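Sequential numbering of the sequence shown, starting at 1, is according to the UniProt record's numbering.
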Amino acid sequence: MSKRPSFQFYPPDWRNDPGLRLCSIAARGLWIEMMCLMHDATPYGHLTVLGRPLGPEALARLVGEGVPQVRRWLAELEANQVYSVDGEGVIFSRRMVRDEMLRDARAAGGAAGAEHGHKGAEFGKLGGNPHKKELYNQPGKLYAVQRDTGGPIKIGVTKYPHQRFNGLRKKVGPIIILGTFDVADMGRSEAAVHACFDGRREGEWIDAEWDEVRGVIMSATHPPLGTTTHPAPSSSSSSPSPSPISSDANASGGDAPPKPSAIDLQAAIFASGVRLLCAAGKSDAQARQLIGLWKRDHGNAAVMEALASAEAEGTPDPVSFITGKLRAPHGKRNHFDRPSGPIESRRRAREQCEVDDGAGADGLSWP
1 MSKRPSFQFY
11 PPDWRNDPGL
21 RLCSIAARGL
31 WIEMMCLMHD
41 ATPYGHLTVL
51 GRPLGPEALA
61 RLVGEGVPQV
71 RRWLAELEAN
81 QVYSVDGEGV
91 IFSRRMVRDE
101 MLRDARAAGG
111 AAGAEHGHKG
121 AEFGKLGGNP
131 HKKELYNQPG
141 KLYAVQRDTG
151 GPIKIGVTKY
161 PHQRFNGLRK
171 KVGPIIILGT
181 FDVADMGRSE
191 AAVHACFDGR
201 REGEWIDAEW
211 DEVRGVIMSA
221 THPPLGTTTH
231 PAPSSSSSSP
241 SPSPISSDAN
251 ASGGDAPPKP
261 SAIDLQAAIF
271 ASGVRLLCAA
281 GKSDAQARQL
291 IGLWKRDHGN
301 AAVMEALASA
311 EAEGTPDPVS
321 FITGKLRAPH
331 GKRNHFDRPS
341 GPIESRRRAR
351 EQCEVDDGAG
361 ADGLSWP
């Protein structure tokens, strides 16, 4: 891949970040030099040259300053959580790593839906599938999916969900089916949802949390007729069986209460988990990021069970308790057992930046 000649920089983010403001002007100057080096590095956003970590001595030579001064400025930046360090001791920018992940996801989404949007004349202006005019005024399914590693959520429409999901797996890899919704007009229902996220989507891929996306789906201009949700599956290629939650779907069950849907379970996990972790000192954002990582790695049922156990035990450190409980039965490797290399280093950096206290201290991209 050819090197990009520039990166996005937002002065308000730079000037308003409290961590950076606590650093001296010299330390902030070193940080912008480091960002320029990390922009050209592999993995992107990591302080490396020719694939090797860059230490204080080499960094001092590159920026033309003395080693003692560079060490002092690095200490300032570290103390104020401006940068992070991965498991191999490599300095990296959390914002640059996250932005690169989002660019990759958008590129994959654009490849998966190249027919979408600007090529569609009349129907493209609505935000739907422009080359599929037959979708307008036709009933069908509006669906929401996400890669099994998280990230943007894809909103699309189809009459044949099973075939559509299999096709998506071939293009973007393993996916989680967040939900399918019966709609009276596929084209306009899709367009209404997409319009609510203009500026936050690339084609059909929306950069938002599922709770927000689902709320828009349920209250959009062309709301769904009914809902069919799916439990969040593992990365297997088979599609889970739908569990209807509409009133008609449960009519045959007599007085028996309906089984909780995947969305109900997800809401319960976040409600109890955020309450438990915040009581232990985590911020709301930190708690949600941790829960999201646990759900991704272990599934809803295991996380719900671990949360319930932690609450019952009354442990003062629920993060360690839950992490240990989730890993124990599955023999999951810890961070020290993971293989090394640029790809694995980037993966560890991604996991760390998702839960780091000081995320967003770079002044890069959007807040």
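By construction, the Cβ of each residue, glycine as well, lies at the ideal position given by its N, Cα and C atoms.
The structure displayed is predicted, hence computed values, not measured ones.
I need the DSSP call for residue i, collapsed to helix, strand or coil.
i      : result
PHE197 : coil
LEU142 : strand
PHE270 : helix
ALA283 : Per the sequence presented here, residue 283 reads as Ser, with Ala not at that position. DSSP places SER283 in coil when its eight states are reduced to three.
THR315 : coil
PRO130 : Only weak support exists for where PRO130 lies, its pLDDT of 47 falling under 50; the value from the coordinates is given anyway. Of the three classes helix, strand and coil, the one that applies to PRO130 here is coil, per DSSP.
VAL63  : helix
VAL82  : coil
PHE7   : coil
ASP17  : coil
PRO43  : coil
VAL49  : strand
When the Cα of residue i is compared with those of the options, which residue comes out closest?
i      : options                           : result
ALA191 : LYS295, ASN137, GLY19 and GLU88   : ASN137
GLY281 : GLU212, PRO316, SER272 and ALA302 : PRO316
THR42  : LYS141, ARG4, GLY19 and ALA302    : ARG4
ILE206 : LYS159, ILE153 and THR180         : ILE153
GLU33  : PRO56, PRO18, ASP13 and PRO12     : PRO56
GLY179 : PHE165, ARG188, GLY173 and GLY187 : PHE165
VAL90  : THR48, VAL303, ASP13 and ASP99    : THR48
LYS141 : ARG52, GLU78 and MET186           : MET186
ARG147 : HIS39, LEU54, PRO174 and ARG188   : PRO174
GLY45  : LEU293, ASP17, ARG275 and MET96   : MET96
SER189 : VAL157, GLU212 and ARG214         : VAL157
ARG275 : LYS295, GLU311, LEU293 and PRO139 : GLU311
GLU204 : TYR143, ASN300, TRP31 and MET38   : TYR143
GLU78  : PHE181, VAL213, TRP31 and THR149  : TRP31
VAL183 : MET218, TRP14 and THR149          : MET218
In chain order, what residues of the same chain lie with their CB nearer than 8 Å to the CB of residue i, ignoring the 5 residues before and after it?
i      : result
LEU277 : GLN286, ALA287, LEU290, ILE291, PRO318 and VAL319
ALA308 : SER272
ALA267 : ASP211
ARG296 : ASP148, THR149 and GLY150
ILE155 : LEU142, TYR143, ALA144, GLU190, VAL193, HIS194, GLU204, ILE206, VAL213 and ILE217
Which same chain residues, not among the five before or five after residue i, have their C-beta less than 7 Å away from its C-beta?
i      : result
GLU76  : CYS23, SER24 and ALA27
ALA60  : GLY66, VAL67 and VAL70
ALA208 : ILE153, PHE197 and ARG200
VAL216 : VAL193 and CYS196
ALA302 : LEU326
I'd like the list of long-range same chain contacts for residue i, defined as Cβ closer than 6 Å, with 5 residues on each side in sequence excluded.
i      : result
ALA306 : ILE322, LYS325 and LEU326
LYS259 : Here the model assigns LYS259 a pLDDT of 44, short of 50, so the residue's position is not dependable, and the following value carries that caveat. Around LYS259: no qualifying Cβ.
MET304 : ILE269
LYS159 : GLY140
ARG64  : In the sequence on display, residue 64 carries Gly and not Arg. Cβ neighbours of GLY64 beyond the five flanking positions: none.
HIS298 : LEU326
Hey, is residue i's beta-carbon within less than 9 Å of any beta-carbon in chain D?
i     : result
ASP99 : Of the chains in the structure shown, none is chain D; there is only one protein chain.
Subject >> Complete alpha helix (DSSP H) runs within the UniProt domain "Bacteriophage T5 Orf172 DNA-binding" (147-217) (minimum length 4 residues, chain order) >> reply: 161-172 and 186-195
Original post:
Do the stretch 192-202 and the stretch 167-182 touch if we need at least three Cβ pairs shorter than 8 Å?
Top reply: no
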